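The structure appears right after this line, and notes come after that.
Residue numbers (the numbering used here): 23 to 382.
Next up, the structure:
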C-alpha cells in the first residue's frame, strides 16, 4: 500500500558512508558509517532507529481506515471484485503493519540510477507510517524529496549499473546532500520525468553496438573541439549526447572502451561546468566518475577545486588528501591545497572579526 522503490537483488555491502537527516532542523545532519557484512544487517540498523515511535488508539483507527481504502482499491479489476474485502483482511494487514511499524521503513527515491547520474541512485529511508504516528515534518528531507517526509530520514546512495549487473552501496558525502538541498531534483513526483525514466530504462535494455560507440567517440571529439574554441555550452551538449549514446548494456568486446569513454565524457563535461563556474554541476559530474574510478586524479582535483569555490573547505581538503595519497604531490595539488588553506584562514578571520563586533 505504500509506493516503494525496492531493490531487486542484494547489493555488494562493503563499508560505506550514509547520512542521518534529523526531523529537527536545529540538529545537524550526521555522518554515519556502516561497517556490517550484509544489506540485511544494514536494514536492521536503519529499522531499529524508528523503534519507540508508537501509534495511539486514534492514529490506529486512522491507519485502519487508510488500509481499508487501499485494500478495496487493490480488489478492483479482479474477478471477485464485487466482493469487498472482509474486515478481518484489513485487521490482519493492520496487525502486520503495527507489529513491524518500529522496524520497517519506506524507501523514497530522490535520484534515479540512470545514465545521467552514471547509474548512481539516491534514496531516503523514512518511517513507513510516520504520518500516522504524527511525527514532525522533516523540512530538509521534504525539500529534497519533493514530498512530505515525517520524522528522521536516512540518505543512502547505490551504484546500480544494468550494463554489468553491478549493484553496491557507495558513500553519500555531505557536500552531495548540501547540493541536493540547495537544488532539489524535480523528478520524484514529476510525471514527465517518470516517463523519461521509463524511456531511459528501455534504452538500457538495448546492447551498445560498435557503430554507436563510434558515434559517441565522434560526439566527444566534437565536444573537445568546441571546448578548445571556448564554446562551452555547445561542448556540454556534445558530451551529454555521447553519454546518452552510451546508455546501454555493453558487450564484453566493447565494455572496457565504452566505460572509459563514458567516464571521459563525464570528466570533460565537469571541466566545462568548471569553466563556467557551475560548481554544483562540476561536483556532480566528478562524483559520477569517482563512483566507478575512486582514485581518478583529474576528477579528484576538479571536484576539490569546485568545493573550494563553493566554500566547502573540508570536502576540498579530503579530495586533495585522497589524490596525494594515490598519486603523490604535484604542483597543481600543492597550489590548490595552499589556496584552500589561505581561504580557510581568511574565512575564519572574518568570522572572528564579526564575532568581536557583535560582543566587542
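Ideal placement from N, C-alpha and C gives every residue a C-beta, glycine not left out. This one's a predicted model, so the numbers in the text were calculated from it and none came from an experiment.
Check	Outcome
Contact check, residue 41 vs residue 254, beta carbons under 8 Å	no
Nearest-angstrom Cα separation, counted from residue 341 out to residue 350	13 Å
Inter-residue CB distance, residue 230 and residue 272 (contact presumed, cutoff 8 Å)	5 Å
Selection from 147, 159 and 141 that minimises the alpha carbon distance to residue 46	159
Residue 171 in three-state terms, based on DSSP	coil
Limits of the unbroken alpha helix (DSSP H) element including residue 229	Residue 229 -> no alpha helix (DSSP H), and no H or E assigned at all.
Own chain partners of residue 362 with C-beta closer than 8 Å, once the 5 adjacent residues on each side are dropped	326, 330, 335, 338, 339 and 342
Burial state of residue 367, where buried means 16 or more other Cβ atoms lie within 10 Å	exposed
Alpha carbon of residue 347 to alpha carbon of residue 194, nearest angstrom	21 Å
Helix, strand or coil at residue 261 [DSSP, three-state]	helix
Sequence-distant residues of the same chain with beta carbon closer than 6 Å to residue 96, five excluded per side	In this prediction, residue 96 has a pLDDT of 49, which is less than 50 and means its spatial position is unreliable; nothing more can be read from the coordinates.
Ordered list of alpha helix (DSSP H) runs contained in the region 270-338, each at least 4 residues	274-297, 301-314 and 319-332
Close Cβ partners of residue 246 (< 8 Å) along its chain, the five nearest in sequence each way excluded	257 and 290
Span of the alpha helix (DSSP H), counted from its first residue to its last, around residue 268	Premise fails: residue 268 is in no alpha helix (DSSP H) and is neither H nor E.
Run of the beta strand (DSSP E) containing residue 149, from where it starts to where it stops	142-149
For residue 68 and residue 196, believed in contact at Cβ under 8 Å, the rounded distance	Their Cβ separation, rounded to whole angstroms, is 19 Å, which puts residue 196 and residue 68 out of contact at 8 Å.
Short Cβ contact (8 Å threshold) for residue 143 with residue 179	yes
Start and end residues, alpha helix (DSSP H) containing residue 66	61-71
Inter-residue spacing [alpha-carbon to alpha-carbon] between residue 27 and residue 190	The pLDDT assigned to residue 27 is 36, lower than 50, so where the model puts this residue is not dependable; a value taken from the coordinates is nonetheless given after this. When rounded, the distance between both Cα atoms is 16 Å.
Residue 282 to residue 299 span [Cα, whole Å]	26 Å
Residue nearest to residue 43 in terms of C-alpha spacing, selected from 268, 260 and 148	148
CB contact check: residue 312 to chain B, cutoff 8 Å	Any reference to chain B falls outside this structure, which holds one protein chain only.
7 Å Cβ shell around residue 188 - same chain, five flanking residues per side excluded	181
Contact set for residue 274: own chain, Cβ-Cβ below 8 Å, skip 5 residues either direction	none
Start and end residues, alpha helix (DSSP H) containing residue 42	Unbroken run through residue 42 is the beta strand (DSSP E), 38-43; no alpha helix (DSSP H).
Close beta carbons around residue 37, own chain, < 7 Å, minus the five adjacent residues each side	55, 56 and 57
DSSP beta-bridge partners of residue 127	149
8 Å Cβ cutoff met for residue 202 and residue 171	no
Residue 57 - containing beta strand (DSSP E), residue span	Unbroken run through residue 57: none, as it is neither H nor E.
Residues near residue 205 in its chain [Cβ-Cβ closer than 8 Å; skip 5 each side]	302
Identity of the residue in 322, 286, 234 and 375 nearest residue 352 by Cα	322
Environment of residue 135 [buried if 16+ CB atoms lie within 10 Å]	buried
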